[in-house]
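Enquirer: Going by full-length UniProt numbering, 13 is the number at position 13 of the sequence shown; the sequence numbering is gapless.
Take this structure first; my questions come after.
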Amino acid sequence: MRVWAVANQKGGVGKTTTTIALAGLLADAGKRVVVVDLDPHGSMTSYFGHNPDELEHSAFDLFLHKGAVPEGLPGQLLLPTSDQRISLIPSSTALATLERQSPGQSGLGLVIAKSLAQLWQDFDYALIDSPPLLGVLMVNALAASQQLAIPVQTEFLAVKGLERMVNTLTMINRSRKVPLPYTIVPTLFDR
């Protein structure tokens with residue numbers, strides 16, 4: 001399974017839209033895709049027809065076990081979407097409390113990588129929609145990924161956000177065996 005993160009440390013640049021578009025393109029090409037909504041706003045979860053405030057289980061459940069993901073749990077969290085080739089691990093607002101609930105807890109940075117490792121036979125691709133804040137959720141997205149898409153608006157402030165993201169990526173790549181390759185995706189461009 002190939003794992004892509006869609007991340008940028010600036011909000012409103014099209015991370016969720018980019019993730020959804022990539023999932024649709026891959027599904028149209030016959031690939032089985034799991035999308036992971038790590039943004040506490042839950043926009044991707046809502047897009048796929050699920051209300052993040054009404055779900056009994058979400059990606060937050062993966063973090064409740066001190067970094068050890070119980071066997072089978074990721075599969076229990078999968079929700080269907082309108083496309084049979086796309087499944088969703090949904091978000092919830094509880095993800096916003098993760099940093100406060102687990103300060104200094106070891107192993108939290110690899111929870112999503114461990115979870116996706118349990119699903120590798122079921123999917124061709126995993127796409128992770130990351131929140132715009134550098135924290136345990138974005139670190140999880142980057143640690144689990146083999147490729148990074150950085151959506152960037154074609155305007156000045158967004159370019160500043162890109163600089164921060166590239167600096168973060170440089171720091172993270174120091175601890176990786178293989179540097180995380182990235183693609184800059186121009187978004188919200190008007191001709």
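Ideal Cβ positions, reconstructed from N, Cα and C, are used throughout, including at glycine.
What number of angstroms, rounded off, separates the C-alpha of GLY75 from the C-alpha of LEU119?
Expert: Computed Cα separation, rounded: 7 Å.
Enquirer: Pairs of beta-carbons, one from the stretch 40–49 and one from the stretch 142–156, closer than 8 Å: are there three or more?
Expert: Not touching, per the Cβ criterion.
Enquirer: Over the uninterrupted alpha helix (DSSP H) stretch that includes ASP28, give me the two end residues.
Expert: Element bounds for ASP28: 15–28.
Enquirer: Going straight from the alpha carbon of GLY135 to that of LEU88, what length do you get?
Expert: Cα to Cα, the separation comes out at about 22 Å.
Enquirer: By DSSP, does ASP124 sit in helix, in strand, or in coil?
Expert: Correct three-state label for ASP124: coil.
Enquirer: Taking only three categories from DSSP, how would you classify GLN147?
Expert: Three-state result, GLN147: strand.
Enquirer: Closer than 8 Å by C-beta to GLU71: which residues in its own chain qualify, once you throw out the five before and the five after it? Chain order, please.
Expert: So the qualifying residues of the chain are GLN118.
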